[in-house]
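*Asks:* All residue numbers for the sequence shown refer to our numbering, where the first residue is 5 and numbers rise by one.
This is the structure I have questions about; it appears just below.
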Amino acid sequence: MSKLKISNQSGRNLSPVEDSLNKFYPYSKQNLGFDRDASFNFISDPDNAAKLLGKTAYYDPESYSVTIYVDGRHPKDIMRSISHELVHHAQNCRGEFSDLSVAGEQGYAQKDPHLREMEREAYEKGNMIFRDWEDSLKSSSNTIY
5 MSKLKISNQS GRNLSPVEDS LNKFYPYSKQ NLGFDRDASF NFISDPDNAA
55 KLLGKTAYYD PESYSVTIYV DGRHPKDIMR SISHELVHHA QNCRGEFSDL
105 SVAGEQGYAQ KDPHLREMER EAYEKGNMIF RDWEDSLKSS SNTIY
């Protein structure tokens, strides 16, 4: 695998997150089976961070990129957001983002059954893949995965 494309535009030292991403990415890629690499953008947006329900991350299917808002967040929370967005990346690589005119609009996951299923998969697989990776680092005992 080539070196990940990570752009830290936040002005913060995120080297621990970047190091973890470089270790997590191959694990996620293997488990999700995507065939194109994603790129990553870390950004700061204090106005967004001040909102209780502000954005945490998003995936851009046209550029194959994940953008993560980093202000005031625990590194583990940032990694969970990355894992969620990598499921969307895998969905894009499978062709599931074609002709999605309402994607990204407010309430899209409540209005469109296909998008709702894509979100369900991202929440379920993203959390489980991250949890499995985390547990694999913390324990060398036998597990069900």
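Note that the Cβ used here is the ideal one computed from N, Cα and C, for glycine as well.
Bear in mind the structure is a predicted one, so any value in this text is a computation, not a measurement.
Excluding sequence positions up to five away, which residues of its chain have a Cβ less than 6 Å from the Cβ of Tyr89?
*Replies:* Checking the sequence, you will find Glu at residue 89 rather than Tyr. Contacts found: Ala61, Tyr63, Val70.
*Asks:* Please report how far the alpha carbon of Met122 lies from the alpha carbon of Ile133, in whole angstroms.
*Replies:* Whole-angstrom Cα-Cα distance: 16 Å.
*Asks:* Can you find the residues in the same chain that come closer than 7 Å, C-beta to C-beta, to Ser85, ignoring five residues on each side of it along the sequence?
*Replies:* Excluding sequence neighbours, Ser85 sits near Thr60, Ala61, Ile72.
*Asks:* By the three-class DSSP mapping on this structure, what secondary structure does Phe134 have?
*Replies:* Helix at Phe134.
*Asks:* Using DSSP with H/G/I as helix, E/B as strand and the rest coil, what is Ser24?
*Replies:* If DSSP states are grouped into helix, strand and coil, Ser24 belongs with the helices.
*Asks:* Considering Ala42, what are the terminal residues of the beta strand (DSSP E) in which it resides?
*Replies:* Unbroken run through Ala42: none, as it is neither H nor E.
*Asks:* Judging by CA-CA distance, which residue of Arg98, Tyr127, Asp75 is the nearest neighbour of Leu56?
*Replies:* For Leu56, the nearest C-alpha among the options comes from Asp75.
*Asks:* First and last residue of the beta strand (DSSP E) that includes Ala61?
*Replies:* Its beta strand (DSSP E) spans residues 61-64.
*Asks:* Measuring only from the beta carbon, is Tyr73 closer than 7 Å to any heavy atom that is part of the ligand ATP?
*Replies:* Absent from the structure shown: the ligand ATP. Ligands present: none.
*Asks:* If you check the beta carbons only, do His93 and Tyr68 fall under 8 Å apart?
*Replies:* Closer than 8 Å, so yes.
*Asks:* Would Gln13 pass as a contact of Asn45 if the rule is Cβ separation under 8 Å?
*Replies:* Yes, the pair counts as a contact, with Cβ atoms nearer than the cut-off.
*Asks:* Is it the case that the Cβ atoms of Val91 and Gly37 are separated by a distance below 8 Å?
*Replies:* Not closer than 8 Å, so no.
*Asks:* Tell me which residues share the same chain as Asp23 and place their Cβ nearer than 7 Å to its Cβ, disregarding the 5 neighbours each side in the sequence.
*Replies:* Nothing listed; no residue qualifies.
*Asks:* I need the DSSP call for Tyr68, collapsed to helix, strand or coil.
*Replies:* Looking at Tyr68 - three-state DSSP - the assignment turns out to be coil, as it is neither helix nor strand.
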